[in-house]
Each structure stands twice: as structure tokens, then as C-alpha cells.
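Undergrad: Submitted below is the structure of interest, expressed as C-alpha cells.
Residue numbers (the working numbering): 27 to 336.
Quick look at the structure:
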């Protein structure tokens, strides 16, 4: 079921002309698909049952969201004991969760969701300014509006200040005012998560590499569950960075290259030994070469030189 769902998500993205990289064969991973179209970057986790989403993976997805200026989503079919409803946004560890049909509507048809699930039922975000403007235009007082809705005056004021409400109440408001009164849910800006340069533990040579990158002047954001080990930032440039000194570096570098091509960004793998095979889109840098670099500008120059050599 998971494989079929993953394949369907990829097909939808390709139909919408996204550049796509899927990581179905990679473990561990906090995301299954990265995709880019123009300036829009999506980081997607695909799970048939969303309950299997782990908090650690969710936090790392949110972290990558900010680092890469991307939008995260979880796509599934079941949540807890129920199937996910079309057009409804659910939440798991602060991430938006939707089913395949909702994803299709959003990506292919351009139809955003308007309803979200929360304890107690389904809710919507009211267009508070529009509600107030139309109510005043129709000459309906707050007191009259409260009577028509069967709520208190204070509740009406809250609605006009931006408080969300249930679907039945929203439908009644629209009936009274004769206008559409709810806001779409902004899937692309759903997550608001501040990031810090978290000190994820790397020891030995790998730890030395991270320290040296920071000493050079790069902002370095280590990650745990991805085919790359960090995202290095030089001004507005982002570089997917590999540092793990594993036996099959070339195999890991191919995954790194796959992602960098989809995201249209640079990728660098810093190694302690010379690699026999070159990998498209990935620049291999020897650890000792870092010690000849003294600034972010020099580091970018080094990458350009190595790229030309490749």
C-alpha cells in the first residue's frame, strides 16, 4: 500500500511538471520525496497510516523546511482509526496531513483545502474582515447577528477578530450574510518553526569537518535522517553536504546528487580519501583541502574549481 501511494504521489508531481527525487530505498529518512517547481520546494512524507509518523522525523522535516525554504506535507490515507477525508487538513506533530485526493486537488487542480480537523470535529478559518464588512453593509448589528446564530455578542466579536469556528456555524454565517465567509488553509506556509544551529553529535573526523566548515564562516545545520549530513549556507546559497566516512561513499553521493538535481542546488561530499568514481552533481572535496580555505568566498571558489575538474 505504501509503495502504491508513493508511486501515485510521484505521478501527480511529474504531471504538474515538478522535478522529483524519491528516496524509497533510503533508510533512515525523515522524508520520502523532495520536489521543486520554480521557487516552490516540497518536502513530503508518504505513509499509508499516518500514526507511524515519528516525532523525531517530524522535527527534522520542520527543520529542513526552514533551512531549504520549503513546504512540508504528510500524505496518507488513514489516521488513528479512520480514513482521511478529501478536502480536510489534519495535523501530526505540527505538520499538515492530507490524503492523496486532497493532494491531487491542490497540486493539479489548484483547489486548496478549507477545512481542518481538530478535537471535537471539523473547523474552518473565518474571513473576519469580510464578515464584519458585509454585516455592517447589510445593517445587521452584532446583537442581531448573535440572535440569528444563537450565540452571544462576545462570540460574534471573536469571529470578527479571527476566531475559528465549526463547519455548521460557518455555513449559517454564510446563509445569513449571503456570501462566502471562510479562508483557505495555506498548505505552503502551514509550518512556523524557528531553527537554530543544533549541535548534532558527530565525532572524530566527521566532527572535525563540521567544525572546520563553521570556522571557515559557513552556517551549518546538521541533520540525522537524510542522505546528506548537513545543509551548509553561504549567504543565500545552500549546499547539501555529506561528511560521513562510510565504505560506500559513492552510493551515498548518488542519492545526494539525485536530491540536489531535484532542488537545483549544490551538493558537496567532504571525504578523507580520494573517491575512484565521480558522481554527477556532487563535488568531492578532500578534508585536507578545507584547511587551505579561510572564508566562505574561498570555499565557493574551491567548489567551482573542483566542479571544473570533474
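Backbone N, C-alpha and C fix where the C-beta goes; we use that ideal spot for every residue, glycine too. None of these values were measured; they are calculated from a predicted model.
Could you check how far apart the C-beta atoms of residue 276 and residue 305 are, in whole angstroms? I think they sit under 8 Å.
TA: 6 Å
Undergrad: Are the stretch 150-159 and the stretch 187-200 in contact at 8 Å, needing three or more beta carbon pairs?
TA: yes
Undergrad: Kindly provide the ranges of any beta strand (DSSP E) runs that are 3 or more residues long and lie completely inside the stretch 96-149, ordered along the chain.
TA: 97-101, 114-118, 121-124 and 141-144
Undergrad: Can you list, in chain order, the residues of its chain with a C-beta nearer than 8 Å to that of residue 75? Leave out the 5 residues immediately preceding and following it.
TA: 102, 103, 104 and 105
Undergrad: Buried or exposed: residue 36, going by 16 or more other Cβ atoms within 10 Å of its Cβ?
TA: It is buried - the Cβ of residue 36 has at least 16 other Cβ atoms within 10 Å.
Undergrad: Look at the alpha carbon of residue 209 and the alpha carbon of residue 246, and state the distance between them as a whole number of angstroms.
TA: 37 Å
Undergrad: For residue 264, report the span of its beta strand (DSSP E) as first-last.
TA: 263-268
Undergrad: Rounding to the nearest angstrom, what Cα-Cα distance links residue 116 and residue 110 in this structure?
TA: 8 Å
Undergrad: Could you give the first and the last residue of the continuous beta strand (DSSP E) run that contains residue 181?
TA: Residue 181 -> not in any beta strand (DSSP E); alpha helix (DSSP H) instead, spanning 179-185.
Undergrad: Is it buried or exposed for residue 173, if we count other Cβ within 10 angstroms and need 16 for buried?
TA: exposed
Undergrad: Starting from the Cα of residue 176, find the closest Cα among 107, 48, 310 and 195 and give me that residue.
TA: 195
Undergrad: Where does residue 223 land, buried or exposed, given buried means 16+ other C-beta within 10 angstroms?
TA: Low confidence applies here, because residue 223 scores a pLDDT of 47, under 50, leaving its location unreliable and the question unanswered by this model.
Undergrad: Which same chain residues end up closer than 7 Å to residue 38 when comparing Cβ atoms and leaving out the 5 residues on each side of it in sequence?
TA: 129, 130, 133 and 134
Undergrad: Is residue 285 helix, strand or coil when you go by DSSP?
TA: helix
Undergrad: Pick helix, strand or coil for residue 253, following the three-state DSSP scheme.
TA: If DSSP states are grouped into helix, strand and coil, residue 253 belongs with coil.
Undergrad: Tell me whether the beta-carbon of residue 12 lies closer than 8 Å to the beta-carbon of residue 157.
TA: Absent from the model: residue 12. The displayed extent of the chain is 27 to 336, so no value can be given.
Undergrad: May I have the straight-line CA-CA distance separating residue 49 from residue 178, to the nearest angstrom?
TA: 52 Å
Undergrad: For residue 81, which of helix, strand or coil comes out of DSSP?
TA: DSSP, reduced to helix, strand and coil, places residue 81 within a helical segment of the structure shown.
Undergrad: Quick test of the definition: if touching needs 3 or more C-beta pairs under 8 Å, does the stretch 235-243 touch the stretch 66-82?
TA: no
Undergrad: Roughly how far, in whole angstroms, is the beta-carbon of residue 214 from the beta-carbon of residue 143, given that I think they are within contact range, below 8 Å?
TA: Contact between residue 214 and residue 143 is absent: CB atoms are separated by about 19 Å, not below the 8 Å threshold.
Undergrad: Compare the Cα-Cα distances from residue 145 to each of 118, 317 and 27 and report the closest residue.
TA: 118
Undergrad: Closest to residue 260 by CA distance: which of 87, 324, 123 and 27 is it?
TA: That would be 324, whose Cα lies nearest to the Cα of residue 260.
Undergrad: Between the alpha carbons of residue 320 and residue 28, how many angstroms are there, rounded?
TA: If I take the Cα positions, the gap works out to 47 Å.
Undergrad: Could you spell out where the beta strand (DSSP E) holding residue 72 opens and where it closes?
TA: 66-72
Undergrad: Quick check: what's the CA-CA separation for residue 311 versus residue 278?
TA: Straight-line measurement puts the Cα of residue 278 at about 15 Å from the Cα of residue 311.
Undergrad: Which word fits residue 180, buried or exposed, when buried means at least 16 other C-beta atoms lie within 10 angstroms of its C-beta?
TA: exposed
Undergrad: Use the C-beta contact count for residue 107: other C-beta atoms within 10 angstroms, 16 or more gives buried, fewer gives exposed.
TA: exposed
Undergrad: Could you give the first and the last residue of the continuous alpha helix (DSSP H) run that contains residue 193?
TA: Residues 193-203.
Undergrad: If we count the other Cβ atoms within 10 Å of its Cβ and call it buried at 16 or more, is residue 58 buried or exposed?
TA: buried
Undergrad: Could you tell me the distance, in whole angstroms, from the CA atom of residue 34 to the CA atom of residue 199?
TA: If you take the alpha carbons of residue 34 and residue 199, they lie about 38 Å apart.
Undergrad: Could you tell me whether the Cβ atoms of residue 283 and residue 308 are closer together than 8 Å?
TA: Contact flag set, yes.
Undergrad: Which of the three DSSP states, helix, strand or coil, is assigned to residue 323?
TA: helix
Undergrad: Please classify residue 294: does DSSP put it in a helix, a strand, or coil?
TA: In this structure, residue 294 counts as strand in the three-state DSSP scheme.
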